[in-house]
Amino acid sequence: MRFQDKVAIVTGSGKGIGKAIVQKMALEGALVTVTDLNKQTCEETAMEINQSGGKAIAVEGDVSKSEDVRRIVEETIEAYGKIDILVNNAGIVKDIRLEDMEEDDWDKVIDVCLKGAFLCAKYVSPYMNEQKYGKIINISSRAYLGNPGQANYSSAKAGIIGLTRSLAKELGKNNINVNAVAPGLIETDAVRNHPKYEKIKELQKKDTPIKRIGLPDDVANAVLFFASDDAAYISGDILHVTGGRFG
Ligand SMILES: NC(=O)c1ccc[n+]([C@@H]2O[C@H](COP(=O)([O-])OP(=O)(O)OC[C@H]3O[C@@H](n4cnc5c(N)ncnc54)[C@H](O)[C@@H]3O)[C@@H](O)[C@H]2O)c1
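Reading the sequence shown from the start, the letters are residues 1 to 247 in this note's numbering.
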């Protein structure tokens, strides 16, 4: 029970990797805020946690909008009185070659994946500063190393690394650890809905030292490590959850 009475906000936690994170944290005693753009999955995930004996509230919201982020933070404080852990997990892809990438394809991905993490950290950090305790975990991606067709996403995920290192330096004096997790290919809807899913999965197995596709729980385990006091002296770091694949 590493998170007994700790309060955690996990963005984009209605499904996929975020859902695995809130479920595992709740199992270890955390009081969680499930927040997502999708009201239905957000409420379902919170209900599942409450029905299995955990404690969760659902707050619908868009991380790229500051008024929504402020409301997510306020409702968490109203429900639990503090915030100990923030996981910036919400993310989207809009993969397209540079010549066909419209300004909007660029803006949307940067807004959700990068600006969203900045806004959540900005509005959560005053509470963490005040209590001199906090853990911020940002979900990057192996794609921060660069991928064709992902100029928007790779840039956002590389930006997440810069954000992580800057915030680690800025907030460390208040006992706030800021780290990033960079997953490789993980089996979620985001990947399953891809038209070339089966081919991608086979290629992934071939190119990855650990011969399988990653699972949401693989990423959640890394996030829970950073969120726990086992990682109390680790900050500004990146944990790759890629099965050993870097290229
Ligand atoms: N699946 C992978 O292979 C993989 C690999 C590396 C990194 N990641 C990253 O992990 C994170 C989770 O990915 P996933 O595969 O679980 O995706 P997913 O699509 O299964 O889930 C993402 C969730 O984020 C929510 N969301 C989208 N836009 C939002 C917004 N503006 N505000 C709030 N919520 C929003 C969605 O509604 C959804 O519930 C993302 O940041 C993604 O970039 C995923």
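In this text, a Cβ means the ideal position worked out from N, Cα and C, and glycines have one as well.
Predicted model, so just to flag it, every value in this text is computed and none were measured.
#1: Could you check whether the Cβ of residue 183 sits closer than 7 Å to any heavy atom belonging to ligand 1?
#2: Does DSSP classify residue 46 as helix, strand or coil?
#3: Do you know how far the Cα of residue 140 is from the Cα of residue 106?
#4: In three-state DSSP terms, what is residue 15?
#5: Looking at C-beta atoms only, is the number of pairs between the segment 82–100 and the segment 44–51 that lie closer than 8 Å three or more?
#6: Please give the ranges of any beta strand (DSSP E) in the segment 128–169, keeping only runs that are unbroken, at least 3 residues long and fully inside the region.
#7: Can you grab the Cα-Cα spacing for the pair residue 116 / residue 168, in whole Å?
#8: Mind checking whether the beta-carbon of residue 113 lies closer than 7 Å to any heavy atom of ligand 1?
#9: Which residues mark the beginning and the end of the alpha helix (DSSP H) in which residue 191 is found?
#10: How about residue 76: is its Cβ closer than 7 Å to a heavy atom in ligand 1?
#11: Of all the options 162, 135, 129 and 130, which has the alpha carbon lying nearest to the alpha carbon of residue 145?
#12: Cα separation between residue 206 and residue 194?
#13: Starting from residue 60 and walking both ways along the beta strand (DSSP E), at which residues does that stretch end?
#14: Can you tell me whether DSSP reads residue 124 as helix, strand or coil?
#15: Kindly identify the DSSP beta-bridge partner or partners of residue 36.
#16: By a C-beta neighbour count over all protein chains shown, 10 Å radius and 16 as the cutoff for buried, is residue 230 buried or exposed?
#17: Quick one, which of 52, 38 and 64 has its alpha-carbon nearest residue 58's?
From the atom records:
#1: If you number the sequence shown from 1, residue 183 lands on position 183. Result yes, Cβ under 7 Å from ligand 1.
#2: Residue numbering aside, residue 46 sits at position 46 when the sequence shown is read from its first letter. Reduced to three states, the DSSP call for residue 46 is helix.
#3: Along the sequence shown, one-based indexing puts residue 106 at 106. Along the sequence shown, one-based indexing puts residue 140 at 140. Rounded to the nearest angstrom, the two C-alpha atoms are 17 Å apart.
#4: Start at 1 with the first residue of the sequence shown, and residue 15 comes out as number 15. Three-state DSSP puts residue 15 in coil, outside helix and strand.
#5: no
#6: When DSSP assignments are scanned along the segment 128–169, the uninterrupted stretches of beta strand (DSSP E) that are 3 or more residues long and fall wholly within it turn out to be 134–139.
#7: Along the sequence shown, one-based indexing puts residue 116 at 116. Along the sequence shown, one-based indexing puts residue 168 at 168. Spanning the two alpha carbons is a distance of roughly 17 Å.
#8: In the sequence shown, the residue the question calls residue 113 occupies position 113. Under cutoff, so the answer is yes.
#9: In the sequence shown, the residue the question calls residue 191 occupies position 191. Per DSSP, residue 191 belongs to the alpha helix (DSSP H) from 189–192.
#10: Residue 76 sits at position 76 when you count from the first residue of the sequence shown. Every heavy atom of ligand 1 is 7 Å or more from the Cβ of residue 76, so no.
#11: In the sequence shown, the residue the question calls residue 145 occupies position 145. For residue 145, the closest of 162, 135, 129 and 130 by C-alpha to C-alpha distance is 162.
#12: Taking the first residue of the sequence shown as position 1, residue 206 is located at position 206. Taking the first residue of the sequence shown as position 1, residue 194 is located at position 194. Using only the alpha carbons, I get a separation of about 19 Å.
#13: To locate residue 60, count along the sequence shown from 1; it is residue 60. Counting along the chain, the beta strand (DSSP E) containing residue 60 begins and ends at 55–60.
#14: On the sequence shown, residue 124 is found 124 positions in, with the first residue counted as 1. If DSSP states are grouped into helix, strand and coil, residue 124 belongs with the helices.
#15: Locating residue 36 in the sequence shown gives position 36, where the first residue counts as 1. Looking at the DSSP assignment, residue 36 forms a beta bridge with 60.
#16: In the sequence shown, residue 230 corresponds to position 230, counting from 1. Flag for residue 230 reads exposed.
#17: The residue given as residue 58 occupies position 58 in the sequence shown. Of the candidates 52, 38 and 64, the one whose C-alpha sits nearest the C-alpha of residue 58 is 38.
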